[in-house]
Amino acid sequence: MANEYGPWGIVAGGSDGVGVAFARAMASRGINVVLVARRVPVLEAAAEEIRARHGVKVRTVALDLSVPGAVSRLADATSDVEVGLFVYNAGSDDRSESFLAKDLETHLALVHRNCTSVLEAAHVFGGAMVARGRGGMVLVTSGAAWVGGPTLATYGATKAFELILAESLWAEWRGSGVDVLALVLGRTDTPSLRRVLDAAGGSYGELADPDDVAREALDHLADGPTWICGSDQPTGGSPFGALGRRDAVLALSQALSTGTEGNIQH
Ligand SMILES: NC(=O)c1ccc[n+]([C@@H]2O[C@H](COP(=O)([O-])OP(=O)(O)OC[C@H]3O[C@@H](n4cnc5c(N)ncnc54)[C@H](OP(=O)(O)O)[C@@H]3O)[C@@H](O)[C@H]2O)c1
Numbered sequence: 001m002a003n004e005y006g007p008w009g010i011v012a013g014g015s016d017g018v019g020v021a022f023a024r025a026m027a028s029r030g031i032n033v034v035l036v037a038r039r040v041p042v043l044e045a046a047a048e049e050i051r052a053r054h055g056v057k058v059r060t061v062a063l064d065l066s067v068p069g070a071v072s073r074l075a076d077a078t079s080d081v082e083v084g085l086f087v088y089n090a091g092s093d094d095r096s097e098s099f100l101a102k103d104l105e106t107h108l109a110l111v112h113r114n115c116t117s118v119l120e121a122a123h124v125f126g127g128a129m130v131a132r133g134r135g136g137m138v139l140v141t142s143g144a145a146w147v148g149g150p151t152l153a154t155y156g157a158t159k160a161f162e163l164i165l166a167e168s169l170w171a172e173w174r175g176s177g178v179d180v181l182a183l184v185l186g187r188t189d190t191p192s193l194r195r196v197l198d199a200a201g202g203s204y205g206e207l208a209d210p211d212d213v214a215r216e217a218l219d220h221l222a223d224g225p226t227w228i229c230g231s232d233q234p235t236g237g238s239p240f241g242a243l244g245r246r247d248a249v250l251a252l253s254q255a256l257s258t259g260t261e262g263n264i265q266h
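When we follow our numbering, the leftmost residue of the sequence shown carries the number 1, and every step to the right adds one.
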């Protein structure tokens, strides 16, 4: 994989959940990894474990992707290595509340992390890959990108942004040697999802395994533009089929009120 894409990979949001699973999977395929996250102890523990288990080089960059300048700092911290793979993973919303229950700053921080920094990373790191003629970029999105629903306003809108951005870059960069994948996840067993479900007092239900998700995504890096993890039709369209948008929004609203949205977000 290092021969095909390049010797280093970055996982933005790489210290727990799906992100650290990506880092482990990339390391197991011989790629040196840069892990980005905010909490230094969690970040360093993940780095140590990957170094010990896979013998690759691991670099940590502690920063907050929801503040301006984060991607420039990441570019500075990695300017001496060839970054051939970029996984933009950080993106969950672990406060499942209505739009007006959250203050404006919370919404804007989510938009910065899930839209502005993603766009900057695609421009800076993806641009270098296109110039080199090889590379891969994965933007991790969600079933929440398909259609709107209560408590999903800003989160779902940012996930739709990532979905369309990745699909558009795939369309522009195909033939350039750079693979782009919009990776659509359903409910996956991560600390972030557990925080949401614990706060809601609901049961966990059926959850995907982050290691399976990361393995499946790397196996299908070249099968873009879109890969729906765990689906019977992973390259297929909306799980709402031919439903009109109004009926789809109502169906998601109903499913969210009964805790069965996991069934349709796949
Ligand atoms: N889990 C699910 O059920 C599910 C379902 C659909 C889609 N997804 C998508 O899958 C991706 C991963 O989700 P996840 O559940 O693993 O949780 P996540 O919160 O998106 O990712 C956790 C990782 O991101 C880091 N992180 C979070 N905010 C950050 C920030 N502002 N700056 C830098 N690093 C940050 C965390 O470390 P620190 O907290 O230390 O910064 C940790 O390493 C997301 O894009 C999410 O939308 C998840």
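C-beta: ideal position from N, C-alpha, C; glycine also.
How many Å lie between residue i and residue j at the Cα?
i: T116; j: A128; result: 18 Å
i: H266; j: R246; result: Reliability fails at H266, whose pLDDT of 39 lies under 50, so the model's placement of it is uncertain and the value that follows must be treated cautiously. Approximately 19 Å, taken between the alpha carbons.
i: D232; j: A214; result: 17 Å
i: F273; j: T258; result: Here the chain comprises residues numbered 1 to 266, so residue 273 is not present and cannot be evaluated.
i: G14; j: V249; result: 32 Å
i: A2; j: R29; result: 8 Å
i: D189; j: P41; result: 21 Å
Measure from the alpha carbon of residue i to the alpha carbon of each residue in the options, then state which is nearest.
i: W8; options: A27, G14, S15; result: A27
i: R280; options: A25, T78, S231, A131; result: Residue 280 lies beyond the stretch modelled for the chain, which goes from 1 to 266, so this question has no answer here.
i: G202; options: V124, D223, V67, S96; result: S96
i: P150; options: F99, E4, A222, L207; result: F99
i: E261; options: G205, D209, G84, G237; result: G205
i: V67; options: N32, R38, I50, P191; result: R38
i: P210; options: R187, A222, H107; result: R187
i: W146; options: A2, L250, A23, S238; result: S238
i: D76; options: V196, A23, E167, V34; result: V34
i: R134; options: G143, V118, G175; result: G175
Can you round the beta-carbon distance between residue i and residue j to whole angstroms, since I take them to be within the 8 Å contact cut?
i: Y155; j: D93; result: 4 Å
i: V178; j: V124; result: Between V124 and V178 the Cβ distance is about 13 Å, and since that is not below 8 Å, they are no contact.
i: P225; j: A182; result: 6 Å
i: L169; j: G126; result: 7 Å
Nearest chain D C-beta to residue i closer than 7 Å, yes or no?
i: A255; result: Among the chains in the structure shown there is no chain D, since it carries only a single protein chain.
Practice task
Check whether the segment 85–102 touches the segment 16–36, taking contact to mean three or more Cβ pairs, one atom from each stretch, closer than 8 Å.
Solution key: Yes: at least three Cβ pairs fall under 8 Å.
Handout entry: Touching by the beta-carbon criterion (3+ pairs, under 8 Å), the segment 247–263 and the segment 56–64
Key = Contact fails: fewer than three Cβ-Cβ distances are below 8 Å.
Practice task
Check whether the segment 156–175 touches the segment 137–146, taking contact to mean three or more Cβ pairs, one atom from each stretch, closer than 8 Å.
Solution key: These segments touch.
Exercise for the section: Jot down the residue ranges of each uninterrupted beta strand (DSSP E) in the segment 1–54, minimum 3 residues, whole runs only, in chain order. Expected result: With a minimum length of 3 residues, the unbroken runs of beta strand (DSSP E) contained wholly in the segment 1–54 fall at 8–12, 32–37.
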